[in-house]
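Below you'll find the structure, written out as structure tokens, and then a few comments.
In the working numbering, the protein residues as written are 6 to 113.
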């Protein structure tokens, strides 16, 4: 009986310590020219961008601008928007999610 309790307690302690050792994977927003963004790499030429802006009027422009900057930083010539989601917020902050595929040479 004491052996079973010891094994159970050992497993609980190992589980708790393992949870503490795992770093948090929460995304961090970067700040630039009046908006914040997150870039998530899906593959070498496929990224997800999330843009947050206090201005609904500039949200789309900021999204396209950040996609262009990322494309250039990664050494690609062009990008296409594969998927796009807008958050219908009535008040700030406004969010837009896009997934882009980047390439070199002639754009399809």
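Ideal Cβ positions, reconstructed from N, Cα and C, are used throughout, including at glycine. Nothing here was measured: the structure is a model prediction, and the numbers come from that model.
(request) Name, in chain order, the residues that DSSP records as bridge partners for residue 89. (result) Start at 1 with the first residue of the chain shown, and residue 89 comes out as number 84. Partner(s): 103.
(message) Quick check on residue 3: does DSSP put it in helix, strand or coil?
(response) There is no way to answer for residue 3, as the model of the chain reaches only from 6 to 113.
(message) So for residue 60, helix, strand or coil by DSSP?
(response) The residue given as residue 60 occupies position 55 in the chain shown. In the structure shown, residue 60 sits in coil (DSSP, three-state: anything other than H, G, I, E or B).
(request) Express the C-alpha separation of residue 83 and residue 73 in angstroms, rounding to a whole number. (result) Walking along the chain shown from the start, residue 73 turns up at place 68. Walking along the chain shown from the start, residue 83 turns up at place 78. One C-alpha to the other measures close to 8 Å.
(request) My understanding is that residue 107 touches residue 67, with C-beta atoms under 8 Å, so please give their C-beta distance in whole angstroms. (result) For the purposes of this step, residue 107 is identified with residue 102 of the chain shown, where counting begins at 1. For the purposes of this step, residue 67 is identified with residue 62 of the chain shown, where counting begins at 1. Not quite, the Cβ-Cβ distance comes to about 18 Å (not below 8 Å), so this is no contact.
(message) Let me make sure I understand the geometry here. Which of 98, 61 and 81 has the alpha-carbon closest to that of residue 110?
(response) Working through the chain shown from its first residue, we reach residue 110 at position 105. Measuring from the Cα of residue 110, the nearest candidate turns out to be 81.
(request) Could you tell me how far apart the beta carbons of residue 75 and residue 55 are, in whole angstroms, since I believe they sit closer than 8 Å? (result) Within the chain shown, residue 75 is the residue found at index 70, counting from 1. Within the chain shown, residue 55 is the residue found at index 50, counting from 1. Going by Cβ atoms, the distance from residue 75 to residue 55 rounds to 12 Å, so no, they are not a contact pair.
(message) Only counting the same chain, and skipping five residues up and downstream in sequence, which positions put a Cβ closer than 6 Å to that of residue 85?
(response) Residue 85 sits at position 80 when you count from the first residue of the chain shown. Here the set comprises 106.
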